[in-house]
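Asker: Just so we're aligned, residue 1 is where the sequence shown starts under UniProt numbering, counting upward by one. Provided herewith is a single structure, encoded as C-alpha cells, for subsequent inquiry.
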Amino acid sequence: MHSSIQSFISSCQLCQQYKISRRTPAGHLQPTEIPQGVFEKINMDFIGPLPTSTQGHKYILVCTDYLSKYIIAQPCQDCSATTAAKFLVEQVMLVHGTPRVVVTDNGSHFTGQVYEAVASRLGIQHLRSTAYHPQTNGQVERANATLVERIGTLTHKHPANWDEYISFVTHSYNTTKHSTTGLEPTKLVFGRNLVLPFDPPKNNIIFTAPNDYYVQLIRCLEETKQIAKQNIKHQQTIHKKHYDTGRRDRTLAIGQLIFVEQTPHKMKKFFPKWDGLYEVIKQTGRLNYEVKHE
C-alpha cells in the first residue's frame, strides 16, 4: 500500500506542482573568470527607488570593477537607459577606459535600444545576470548593500539628504582594504594609496631619472594586480568548497520534460510552486537551458 501511494504521488502532475522541495538545489558553484586588468570587466546596477532627496534624486547608479572592487556611484533622478548610457561614457569610459565586458541585470534601463546601441558602438560585450538569481552577482549585491548601510547610518536624522553623502561613502569604500583582494581598491587602480587628511607625512622619494616614477608605478600596478588575482582565486576556492557541500551536479537531456519554479512575483498562497510541463530545447550554459511550454 505504501509503495502504491508513493508511486501515485510521484506520477501526479498536480502533486508535483505544489510540492515544496526540501533538497539542496542542484548545481556546483561556477566561479567567475578573474579579469586580467582593472576596468576590463565591470558591473552596472541601479539601487532604488529610494526616498526622493531634496535634490530630486531617487536612485543610485553604481559601477563595480570586478578585479579591483573599485566602485563609482552617482545619484540619479531616474533609472532610464539614457541615464545609464551617459554614465557609462562619462564616468567610466572617459576616466578609466572602455571596458571589455559590462554585466547588468535584465532591467529595461540596460536592455533598451539607447544603452544597447552605445555599448555596441563602443565594442563592449554586454552580459546579463540570471533573472531572479542574485547569487550570480554576489559581490555587487554585497557592495550595494554596504553603500546603502553606510549612507543610512550617516543620514538617519536627515534622510532627505542621502545623495549628499554618496561621494564620501564611495571614497571610504575605495580606500578601505577589501576582504577578497586584501588591498585597497584605489591602490589597484592608481598604483598608490591615496593620501588622507590625517595621514602622517610620507618620506619624500627622490627620482634620479625622468622615467623613474613611471617604472615604479608600472611595477607597483603589476605587483598589486597579481596579489589581487591570487587572493580572489583563494577566496573563490574557499567559497566554492563551502557552497558545494551537499550539492550535486545535474544535467538535463534534450527533449526531457521538466517543471520550472515559479518566479517570486507570480507566486501567491495556494498557487502552485512549479509551472509546467516544459520541454528542454537546448543547453545554453553549464547549468542553463532553453525550454518551451509543452
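Note that the Cβ used here is the ideal one computed from N, Cα and C, for glycine as well.
Just the C-alpha distance for Thr-82 and Tyr-115, rounded to the nearest angstrom, thanks.
Answerer: Answer to the nearest angstrom: the Cα atoms are 7 Å apart.
Asker: Among residues of its own chain, excluding the 5 on either side of Tyr-70, which ones have a beta-carbon nearer than 6 Å to its beta-carbon?
Answerer: Asn-174, Pro-185, Val-189.
Asker: With H, G and I counted as helix, E and B as strand and the rest as coil, what does DSSP make of Ala-73?
Answerer: Residue state, collapsed to three classes: strand.
Asker: Any chance you could list the alpha helix (DSSP H) runs of at least 4 consecutive residues sitting entirely within the stretch 73-151, in chain order?
Answerer: Qualifying alpha helix (DSSP H) stretches, in chain order: 81-87, 108-111, 113-121.
Asker: DSSP on Thr-180, reduced to helix/strand/coil?
Answerer: Three-state DSSP puts Thr-180 in coil, outside helix and strand.
Asker: Have a look at the DSSP bridge pairing and note the partners of Lys-293.
Answerer: A small correction: the amino acid at residue 293 is His; Lys does not occupy that position in the sequence shown. Partner(s): Tyr-278.
Asker: With distances taken from CA atoms, which of Val-169, Gln-139, Lys-157 is nearest Glu-149?
Answerer: If we check each option's Cα against that of Glu-149, Val-169 comes out closest.
Asker: To the nearest angstrom, how far is it from the Cα of Ala-73 to the Cα of Leu-257?
Answerer: Approximately 44 Å between the Cα atoms of the pair.
Asker: Please report the Cβ distance between Arg-100 and Lys-41, rounded to the nearest whole angstrom; I am assuming they are in contact, meaning their Cβ atoms lie under 8 Å.
Answerer: Going by Cβ atoms, the distance from Arg-100 to Lys-41 rounds to 6 Å, so yes, they are a contact pair.
Asker: Alpha carbon to alpha carbon, how far is Gly-56 from Asp-78?
Answerer: Answer to the nearest angstrom: the Cα atoms are 9 Å apart.
Asker: For the 8 Å Cβ check, are there 3 or more pairs between the stretch 28-47 and the stretch 233-242?
Answerer: These segments touch.
Asker: Whose C-beta lies closer than 8 Å to the C-beta of Gly-123 among residues of the same chain, with five residues either side of it excluded?
Answerer: Closer than 8 Å at Cβ, skipping near neighbours: Thr-98.
Asker: Is it buried or exposed for Asn-193, if we count other Cβ within 10 angstroms and need 16 for buried?
Answerer: Looking at its Cβ environment, which holds fewer than 16 other Cβ atoms inside 10 Å, Asn-193 is exposed.
Asker: Leaving out the 5 sequence neighbours to the left and right, which residues in its chain are closer than 7 Å to Pro-159 when beta-carbon positions are compared?
Answerer: Around Pro-159: Pro-51.
Asker: Per DSSP, what kind of secondary structure is Asn-193 in: helix, strand or coil?
Answerer: DSSP places Asn-193 in coil when its eight states are reduced to three.
Asker: Do you know how far the Cα of Tyr-66 is from the Cα of Met-93?
Answerer: Roughly 15 Å separates the two Cα atoms.
Asker: Quickly, what does DSSP pair Gly-45 with across the bridge? List them, please.
Answerer: Before going on, a small fix: residue 45 reads as Asp here, not Gly. Answer is Val-62, bridged to Asp-45.
Asker: I need the DSSP call for Phe-198, collapsed to helix, strand or coil.
Answerer: Note: Phe-198 maps to coil in three-state DSSP.
Asker: Which residues in the same chain as Glu-261 place their Cβ atom closer than 7 Å to its Cβ, once the five residues preceding and following it in sequence are excluded?
Answerer: For Glu-261, where only same-chain residues beyond five positions count, the Cβ hits under 7 Å are Lys-273, Trp-274.
Asker: Note down the Cα distance separating Gly-48 from Pro-75, rounded to an integer number of angstroms.
Answerer: So the two alpha carbons sit approximately 10 Å from each other.
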